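Enquirer: There's a structure below that I have some questions on.
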Amino acid sequence: MKALITGITGFAGSHLAEYLLARGNIEIYGTYRARSRMDHISHLVDQITLVECELKDPHAVDQMIKLSRPEQIYHLAAQSFVPTSWNSPADTLMNNIVSQLHLFEAVRKWDVDCKIQVACSSEEYGMVYPGEIPVQENNPLRPLSPYAVSKIAQDFLGYQYFQSYGLPIVRTRTFNHTGPRRGEHFVTSNFAKQIAQIELGLQPPFVDVGNLQARRDFTDVRDVVKAYWLALTHGEPGSVYNISSGTTRTIEEVLQTLLTFTTANVQIRVDSKRLRPSDVDVLLGDSSLFQEKTGWKPEIPFHQTMEDLLQYWRSI
Ligand code: GDD
């Protein structure tokens with residue numbers, strides 16, 4: 093079996109590559125860009141085929157699909173940091189929407205028989221009212237950032253290409269996920285990195301934070317990539333599924349959990365630059381549809397994920 097992972101050099105992509113390799117009998121192709129950092133997959137390069145491909149370039153995507161002819165595509169490549177989408181909204185929309193369009197068009201053109209997973213996001217739900225929690229897939233989408241709009245477009249393009257052309261696309265709306273290799277700007281990694289630096293005396297004993305009152309539903313990335321595999325092997329093409337733990341915690345609780353793993357004495361300091369023009373207040377997902385369809389269950393407890401993440405920042 094041949095699987096293609098767009099964004100294989102990234103956080104989720106590198107974990108998915110490890111997961112598929114461990115399953116065995118899967119030939120893995122992955123796309124990267126000239127400026128991609130390779131450190132997350134340097135231990136895997138002998139076991140995978142890397143193809144340089146700027147997904148915004150239709151010709152590059154066309155040639156990459158013609159060459160790889162995958163049976164599964166995991167489309168993970170994206171501009172995925174919400175604050176960047178306010179600074180560069182056009183780039184976020186181009187990156188996330190147009191790249192996916194190129195992928196779908198190349199699959200159609202070369203008549204490639206493959207299932208496609210589209211990495212959508214719980215950010216699409218945006219403003220969620222108290223009576224709507226835990227949020228189900230049929231909840232209205234009320235985006236609160238350009239990033240969320242880009243993910244809604246990816247989501248709906250997936251729906252439309254399934255309806256119009258019968259492309260077997262499964263959309264996954266993943267809630268927050270984290271673990272080792274999470275990019276340093278995302279909240280869990282950012283706090284863990286600051287704590288690791290304070291431990292080494294590389295930063296004064298202040299942890300800078302933004303909005304600690306937001307609530308998020310976190311799953312370990314290693315559980316999430318397993319869900320992506322199950323989405324393509326057991327999910328229904330044309331469907332959309334929430335992938336979430338079903339537990340919500342404030343960002344303050346996240347920070348407090350990390351602090352239980354250190355003896356460093358730290359003070360918490362609000363940095364107004366970390367506050368957003370609008371922030372999603374609460375995310376809590378109902379993933380029962382996906383669990384019933386695929387048998388998936390998140391297995392790694394949150395405190396373990398946090399401990400592993402802090403260990404990761406101590407080790408690099
Ligand atoms: N990044 C960051 N840094 N966030 C902070 C900080 C800080 O210092 N302090 C508080 N927060 C709050 C943010 O305001 C937000 O409410 C929450 O922590 C989580 O922020 P992020 O880790 O940046 O993630 P996100 O929820 O905006 O988006 C992530 O989850 C989505 C799924 O819901 C990303 O991974 C997206 O790509 C993903 O789609």
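The numbers in our numbering rise by one with no breaks, and the one at position 111 of the sequence shown is 203.
Every residue gets a Cβ at the ideal spot worked out from N, C-alpha and C, and that includes glycine.
Small disclaimer: the values here were computed from a predicted structure and weren't measured.
Please state the DSSP three-state secondary structure of K365.
Expert: The residue given as residue 365 occupies position 273 in the sequence shown. K365 falls in the helix class under three-state DSSP.
Enquirer: Between the C-alpha atoms of E384 and A323, what's the straight-line distance to the nearest angstrom?
Expert: As a position in the sequence shown, residue 384 is number 292, starting the count at 1. As a position in the sequence shown, residue 323 is number 231, starting the count at 1. Each residue's alpha carbon lies about 12 Å from the other.
Enquirer: If you compare alpha carbons, which of P150, L375 and R127 is closest to G223?
Expert: The sequence position of residue 223 within the sequence shown is 131, counting from 1. Comparing Cα-Cα distances from G223 to each of P150, L375 and R127, the minimum goes to L375.
Enquirer: Going by other Cβ atoms of all chains shown within 10 Å of its Cβ, with 16 needed for buried, is L108 buried or exposed?
Expert: On the sequence shown, residue 108 is found 16 positions in, with the first residue counted as 1. L108 comes out buried.
Enquirer: Using only the heavy atoms of ligand 1, determine whether one of them is closer than 6 Å to the beta carbon of V374.
Expert: For the purposes of this step, residue 374 is taken as the residue at position 282 of the sequence shown. Checking the Cβ of V374 against ligand 1 gives no.
Enquirer: Quick check on the DSSP output: the alpha helix (DSSP H) that includes N179 runs from which residue to which?
Expert: Translated into positions along the sequence shown, residue 179 becomes position 87. Note, N179: alpha helix (DSSP H), V174 to N179.
Enquirer: Can you tell which of N334, V210 and F298 has its C-alpha closest to the C-alpha of A245?
Expert: Counting from 1 along the sequence shown, the entry for residue 245 is found at position 153. Of N334, V210 and F298, the residue nearest in Cα terms is V210.
Enquirer: Which runs of the alpha helix (DSSP H) fall wholly inside the segment 276-364 and span at least 4 residues, in chain order?
Expert: Within the segment 276-364, the complete alpha helix (DSSP H) runs of at least 4 residues are 279-291, 313-326 and 343-351.
Enquirer: Please report the residue range of the alpha helix (DSSP H) in which K158 lies.
Expert: For the purposes of this step, residue 158 is identified with residue 66 of the sequence shown, where counting begins at 1. Taken as a continuous stretch (DSSP letters only), the alpha helix (DSSP H) holding K158 covers P150 to S160.
Enquirer: Starting from T141, follow its DSSP beta bridges and name the residues at the other end.
Expert: On the sequence shown, residue 141 is found 49 positions in, with the first residue counted as 1. In the DSSP output, where bridge partners are listed per residue, T141 has Y121.
Enquirer: To the nearest whole angstrom, what separates the beta carbons of V301 and I360, a pair I think is in contact under 8 Å?
Expert: Position 209 of the sequence shown holds residue 301. Position 268 of the sequence shown holds residue 360. Yes, V301 and I360 are in contact; Cβ-Cβ is about 6 Å, under 8 Å.
Enquirer: Counting beta carbon pairs with one atom in the segment 162-177 and one in the segment 192-204, are three or more of them shorter than 8 Å?
Expert: Touching, yes.
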